[in-house]
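Numbering (this note's numbering), first residue to last: 787 to 1128.
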């Protein structure tokens, strides 16, 4: 039975059960994110707020992450059911270290990681950034995608200065460049610095990792694939509605979970996600949001080997992700109905 037929049958069965007075309780699911609630989590909140998860027979609790919260160990420990992670480096490490989890979908086709520069400083092309005298880069990035920039583009450690998530040093040094999340830091720079920074998305220059991936335990995939399918499909529909429909209900839940978040920032971040094709571009345009391909996983791994982060053959790529829950075109028709561009 195809995913689409399964979903229709499942919803019909739930409706019949309700009409007969024998409605079953929704499956309770705990989904943890890797940071505070924000527009970059919007599709998940939308699926809670507009009842999409409930339509799929799910009662979903979103458990936000944050600077003092590490939700990653909770998944293999069985304390949560699904985990939102940053990119495939986490997945490679899981396989390398024998952690019994697997990636089941990628809600972002592009990693939002970017390099930003002041306008009018001679940085016209991405390759020009390697000439910057100073690059503000956080420690974790120095040991991940910075190594790729050195290997593939000739960036140098002589440029490095530690980025401590304070925009002041970058704003003060017009010749410097700085890392940033393309749907967040440009907004803050415009507020604090009064200018729109040049934003170079790493994904547009070969950093081919998937991002905002969903992981679950291997035993969940093996023992309850129908639950995984429902959660993945409902999340996809949530993202379609958030991007192309009325996202006000999702925004309200985001602001409830993160009172520091304001509507103007959410709106600007959402616009950037759409303009940059972060969620919906490439394969997702025809195969649905969440799409993943093994060829792309291998391409990214090969780049990370070249950058010195892994050894060839060190990670069994067949264990990194399963593709059985995505690439089915879920949400493509709905996007068209909502007026989303193909």
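Glycine included, C-beta positions come from ideal geometry on N, C-alpha and C.
Item: Minimum length 3: unbroken beta strand (DSSP E) runs contained in the segment 988 to 1068; Value: 997 to 1003
Item: Residue closest to residue 1029, alpha-carbon to alpha-carbon, out of 967, 924, 1120, 1069; Value: 1120
Item: Beta-carbon spacing of residue 839, residue 1063 below 9 angstroms; Value: no
Item: Residue 890 and residue 1107 closer than 9 angstroms at C-beta; Value: yes
Item: Start and end residues, alpha helix (DSSP H) containing residue 880; Value: 874 to 882
Item: Contact the segment 899 to 913 vs the segment 1001 to 1015: 3+ CB pairs below 8 angstroms; Value: no
Item: Assigned exposure category for residue 950 - 16 Cβ within 10 Å defines buried; Value: exposed
Item: Whether residue 823 touches residue 1009 by CB criterion (9 angstroms); Value: no
Item: Cβ shell of residue 844 (< 7 angstroms), same chain only, five flanking positions each side left out; Value: 812, 813, 815, 1016, 1017, 1020
Item: Three-state secondary structure (DSSP) of residue 1081; Value: helix
Item: CB contact below 9 angstroms: residue 1125 versus chain D; Value: Among the chains in the structure shown there is no chain D, since it carries only a single protein chain.
Item: 6 angstroms Cβ shell around residue 825 - same chain, five flanking residues per side excluded; Value: 1052, 1055, 1056
Item: Euclidean distance between Cα positions of residue 885 and residue 874; Value: 14 angstroms
Item: Residue 939 classed as buried or exposed, judged by whether at least 16 other C-beta atoms fall within 10 angstroms; Value: exposed
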